[in-house]
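Chains as they are written, first to last, in the numbering used here: chain A, 5 to 119; chain B, 56 to 386. Backbone N, C-alpha and C fix where the C-beta goes; we use that ideal spot for every residue, glycine too. Input: a single structure, listed below in C-alpha cells.
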C-alpha cells in the first residue's frame, strides 16, 4: 500500500469516527464546528486522492512560461491564448474537484480527466 | 470599546457611551459580535433605553493597516447620515465619535434594522434593492459633500487587486488571467456615482412590505453604477441558487425592473463585466485578510478554486477585446 493510500485511510477513519461517534452526540455550536472539521477532512481526502493529477496539471502550467506564469499573464503575452485558458481551466477544475466537486460541470470533469 | 477581553468591554461603559449619545438612561442587556475584520469590529447591542427595548449596531475602527481600502468608521457614518437625509433606507445613524478610553479609535452607533414584521418574497426584495440602488446612484456625490469617497474605475480596481496579490505573494494564475481580461475589456468610464461597493444579499435587510435597508457601507466609493448591480448578480453571491441570478433571490430581470422603476438605466453588458470583477474581488478578499490559522479561514480558502472556475468560464478567449491592450504573444 502506498504512503498516500495509508494517509488517505487514516483520514477516512478519522472522518468516519467523527461522523459516527462524535457528531450524533453534539448540538448547537459544537456540532457546527464538528461539521466544518468533517468538511475539511473530506477536502483533504479528495486532495490526496488527486495528488498525481494535480502534479501533472501544475507541471503543464509551469511549462507554459518557465520564466514565471504570473508575470507572463500580467505582461499580456498570454492574452486570449486558448491553450493557456484550457490549462488554467483544467487546473481550476482539478482544485474544485477536491474543494467542491458538485460545482463542476460534466464537461469540466472530462477536461480535468476526472471520472 | 471592544467587548469582553479588550479595552473597554464592560457593559456599563458601553451603556454609558450610548446613554451620552442618546441623552437617556441605558442598560446593556447583551453584546454579540457580528463582524470582525482586520480593521474593524461590529457588535450588535441589545439594551433598555429609558425602559424600552432597543437594538443597536456599534462599529469601531481597529488600529493597524487595512489590507483593503475600506472607509473609516467616521467616514462611513457621515456617508450613512447623508444617505439617510436623502431618503435612502439605511440604518438610522445615531452618533459617532472617539472611544472615550482610546481617542485614536472611532466609534459609530446605528439603530439595528428591525426584524421584518411581514416576510417579503425574493421578488419583492430584489425589486426593492434595484429601486434603492437606483436612488443611491442618483444622488450627486458633490452635493453630498462626500469628497473623501475615492473614485474606483476599472483600472484603479485592477491595480488595487494586483497590488494585493503582490503584497500577499499569492500564486494564483487564474486570477491574474481574470485581471488581465478585466483590464482589456474594461468599459469606458462615463461618470461617477456613489456605490455601495459590496451590494450582495448579505448586506440587505428586508424590512417587510417590499422594502429593504442597505447596510454596511464601509466599501463605498465612487464609480460605475453598474458595478453595484454586477456585484448583486455575481454567481459567488447567489447563496447556492445559481438559477436565481439576482443574489440567489430572484431573476436578473427583476433587479433590472426595480432599478428602472427607481429611475435608473441598465446597461446589461456593463453589469456582466462588473460581475466578473466582483468574482475577482471576492477571490482576492479571501486571502487579503491577515493570516489567521482558523478553521473558518482555512475553509474559506477552499472557495478559491470555485471562484477561479467561475472567472475562467466567463473569460474564454473569444470574449477578449484586446484593442486597448498591447498584445505580446510569445513566439
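Sequence-distant residues of the same chain with beta carbon closer than 7 Å to residue i, five excluded per side
i                      : result
residue 120 of chain A : The structure shown does not extend to residue 120 of chain A, since chain A spans only 5 to 119, so no value can be given for it.
residue 103 of chain A : 47
residue 196 of chain B : 204, 247, 249 and 277
residue 84 of chain B  : 101, 102 and 103
Helix, strand or coil at residue i according to DSSP, with G and I counted as helix
i                      : result
residue 280 of chain B : coil
residue 165 of chain B : strand
residue 99 of chain B  : strand
residue 263 of chain B : strand
residue 88 of chain B  : strand
residue 23 of chain A  : helix
residue 13 of chain A  : helix
residue 157 of chain B : coil
residue 139 of chain B : helix
residue 237 of chain B : helix
residue 308 of chain B : helix
residue 104 of chain B : strand
residue 331 of chain B : helix
residue 39 of chain A  : helix
residue 84 of chain A  : coil
residue 294 of chain B : coil
residue 81 of chain B  : strand
residue 127 of chain B : coil
residue 204 of chain B : coil
residue 244 of chain B : coil
residue 269 of chain B : strand
residue 253 of chain B : coil
residue 301 of chain B : strand
Limits of the beta strand (DSSP E) - the one that residue i falls within
i                      : result
residue 153 of chain B : 148–153
residue 110 of chain B : 107–116
residue 250 of chain B : 248–250
Member of the options whose CA lies at the smallest distance from the CA of residue i
i                      : options                       : result
residue 183 of chain B : B:356, B:307, B:246 and B:334 : B:307
residue 340 of chain B : B:215, B:102 and B:166        : B:215
residue 201 of chain B : B:248, B:155 and B:70         : B:248
residue 163 of chain B : B:157, B:155 and B:151        : B:151
residue 261 of chain B : B:105, B:231, B:290 and B:187 : B:187
residue 353 of chain B : A:25, A:42 and A:7            : A:42
residue 26 of chain A  : A:86, A:61, A:33 and A:38     : A:38
residue 45 of chain A  : A:23, A:65, A:77 and A:72     : A:23
residue 112 of chain B : B:362, B:367 and B:270        : B:270
residue 59 of chain A  : A:99, A:75 and A:77           : A:99
Within chain B, the residues that residue i reaches when beta carbons sit closer than 7 Å
i                      : result
residue 97 of chain A  : 364
residue 47 of chain A  : 357
residue 100 of chain A : 360, 361 and 364
Proximal chain A residues relative to residue i, where beta-carbon distance stays under 7 Å
i                      : result
residue 354 of chain B : 40, 43 and 44
residue 371 of chain B : 89
residue 228 of chain B : 65, 73, 74, 77 and 92
Contacts around residue i, its chain only, beta-carbon distance under 6 Å, and the 5 residues preceding and following it disregarded
i                      : result
residue 254 of chain B : 283, 286 and 287
residue 89 of chain B  : 97 and 99
Beta-carbon neighbours of residue i, restricted to chain B and to distances below 8 Å
i                      : result
residue 13 of chain A  : Ordered by position in chain B, no residue passes the 8 Å Cβ test against residue 13 of chain A, which lies about 22 Å from the chain.
residue 107 of chain A : 361 and 364
Under 8 Å by beta carbon: chain A residues contacting residue i
i                      : result
residue 367 of chain B : 89, 92, 93 and 96
residue 235 of chain B : 77, 78, 80, 82 and 83
Neighbourhood of residue i by C-beta, 8 Å cutoff - its chain only, sequence neighbours within 5 removed
i                      : result
residue 265 of chain B : 175, 179, 180, 182 and 183
residue 312 of chain B : 182 and 185
residue 15 of chain A  : 45, 48, 49 and 52
Residue i, enclosing alpha helix (DSSP H) - first and last residue
i                      : result
residue 68 of chain A  : 55–68
residue 351 of chain B : 350–356
residue 211 of chain B : 209–223
residue 366 of chain B : 359–369
residue 178 of chain B : 177–193
residue 78 of chain A  : 73–79
Partner residues on chain A for residue i, Cβ-Cβ distance less than 9 Å
i                      : result
residue 85 of chain B  : Neighbours of residue 85 of chain B on chain A: none; closest Cβ ~16 Å, over 9 Å.
residue 350 of chain B : 37, 40, 41 and 44
residue 330 of chain B : Residues of chain A passing the Cβ test: none, with the nearest at roughly 17 Å.
Partners in chain B for residue i, counting only beta-carbon separations shorter than 9 Å
i                     : result
residue 26 of chain A : Correct list: empty, because the minimum Cβ distance to chain B is about 15 Å.
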